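For any residue, its number in our numbering is found by taking its place in the sequence shown, counting from 1, and adding 20.
Since the structure comes first, as structure tokens, the remarks are kept for the end.
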Amino acid sequence: MFRIREVANLLRLFQIPQISYASTSAKLSDKSRYDYFARTVPPDFYQAKAMAEILRFFNWTYVSTVASEGDYGETGIEAFEQEARLRNICIATAEKVGRSNIRKSYDSVIRELLQKPNARVVVLFMRSDDSRELIAAASRANASFTWVASDGWGAQESIVKGSEHVADGAITLELASQRVRPFDRYFQSLSPYSNHRNPWFRDFWEQKFQCSLQNKHNHRRPCDKHLAIDSSNYEQESKIMFVVNAVYAMAHALHKMQRTLCPNTTKLCDAMRILDGKKLYRDYLLKINFT
21 MFRIREVANL
31 LRLFQIPQIS
41 YASTSAKLSD
51 KSRYDYFART
61 VPPDFYQAKA
71 MAEILRFFNW
81 TYVSTVASEG
91 DYGETGIEAF
101 EQEARLRNIC
111 IATAEKVGRS
121 NIRKSYDSVI
131 RELLQKPNAR
141 VVVLFMRSDD
151 SRELIAAASR
161 ANASFTWVAS
171 DGWGAQESIV
181 KGSEHVADGA
191 ITLELASQRV
201 RPFDRYFQSL
211 SPYSNHRNPW
221 FRDFWEQKFQ
231 CSLQNKHNHR
241 RPCDKHLAID
251 SSNYEQESKI
261 MFVVNAVYAM
271 AHALHKMQRT
281 LCPNTTKLCD
291 AMRILDGKKL
301 YRDYLLKINF
311 T
């Protein structure tokens, strides 16, 4: 998330609009600092409020928290703590995991959580990789908690793979979205032998199927040419819809701007040769509507 803010700060210097599909940090709502930033997802404030409401519903008034280091985790858990105070929910211990933590660090967080035996509920505002490592650490310690987690965990089954017993009873939030069926058909049609436009697809393929396309990994078997992405090994990422919406929003905004400024041609005219970023952002991108 810190990189998103850096990009936003850079682009605003040149008045270039930016639209994000996954940046939920509440800090990005500050239009005095991020006046060319837009997004297709809501800020974390709404998740934090929902999590606090869940705790109040179940009368869980003494909980621990764990956050990922960085904007997503820190601002998210800060928003949750504010909502928790409004509902007389007490925080037993507040833990944080860094970007470069090794396994021992996640284990130490679990040990700290176990020091508060009356706080059996743990609120997580963590990135997916941190969530996966923390759940694995809980499994190693045979620790049992009730997890209430943000969309960093969400609906991702990979988070709990191999540690399902530890995650039993977890409540996780996910941003409301719909499956994009055309993307499934497109993605499942791809193969490293035909998809040459994406320079990283071959690496993705080797990683996914744990094989080697050119025998460059001596410890991996050669990739079978009949391997394919299908429903048995593929699950659509929950934020695909937001990616599609972001691309469509920018495309529709540019198209509408072109039709307004260049009504007599389907190409760029002089009025769009030097793009007015402020006008694109304010008059088109923020007002765009499509279904």
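Every residue, glycine too, gets a C-beta built ideally from N, C-alpha and C.
The structure displayed is predicted, hence computed values, not measured ones.
**Request:** Classify V200 as helix, strand or coil using the three-state DSSP reduction.
**Result:** In this structure, V200 counts as coil in the three-state DSSP scheme.
**Request:** Decide if the stretch 259 to 277 is in contact with the stretch 293 to 300; the criterion is three or more beta carbon pairs, one per stretch, under 8 Å apart.
**Result:** yes
**Asked** When you compare only the Cα positions, how much space is there between W225 and I179?
**Response** 20 Å
**Request:** Give the straight-line distance between the Cα atoms of T311 and D303, rounded to the nearest whole angstrom.
**Result:** For T311 and D303, the distance between alpha carbons rounds to 19 Å.
**Item:** Identified DSSP bridge partners for K298
**Value:** Looking at the DSSP assignment, K298 forms no beta bridge with any residue, so it has no partner.
**Asked** Contact check, S84 vs L133 under 8 Å by CB: the rounded distance?
**Response** Indeed they touch by this definition, with Cβ atoms about 5 Å apart.
**Item:** Reduced DSSP category for I249 - H, G, I as helix; E, B as strand; rest coil
**Value:** coil
**Prompt:** Secondary structure at I36, three-state DSSP: helix, strand or coil?
**Reply:** coil
**Item:** Per-residue DSSP class, three states only, for F77
**Value:** helix
**Message:** For Q234 and P219, I'd like the C-alpha separation in whole angstroms.
**Reply:** 15 Å
**Asked** DSSP three-state call for A163: helix, strand or coil?
**Response** coil
**Message:** Comparing C-alpha positions only, which one of I109, G174, A161 and L75 sits nearest to E257?
**Reply:** G174
**Residue from I130, L144 and S170 with nearest C-alpha to R160** = The shortest CA-to-CA distance from R160 to any of I130, L144 and S170 is the one to I130.
**Request:** Within the same chain, show all residues whose beta-carbon is closer than 6 Å to that of F262, passing over the 5 residues directly before and after it, in chain order.
**Result:** Y41, T60 and V61
**Prompt:** What residues match up with L134 in a beta bridge as DSSP calls it?
**Reply:** L134 is not bridged to any residue.
**Request:** Buried or exposed for G182, please, with buried defined as at least 16 other CB atoms from any protein chain shown within 10 angstroms of its CB.
**Result:** exposed
**Item:** Reduced DSSP category for L210 - H, G, I as helix; E, B as strand; rest coil
**Value:** coil
**Request:** Would you tell me roughly how many angstroms separate the C-alpha atoms of Y206 and F229, rounded to the nearest one?
**Result:** Looking at the two C-alpha atoms, the distance is approximately 19 Å.
**Message:** Quick check on the burial criterion: 16 or more other C-beta atoms within 10 angstroms. Buried or exposed for N162?
**Reply:** Under this definition N162 is an exposed residue.
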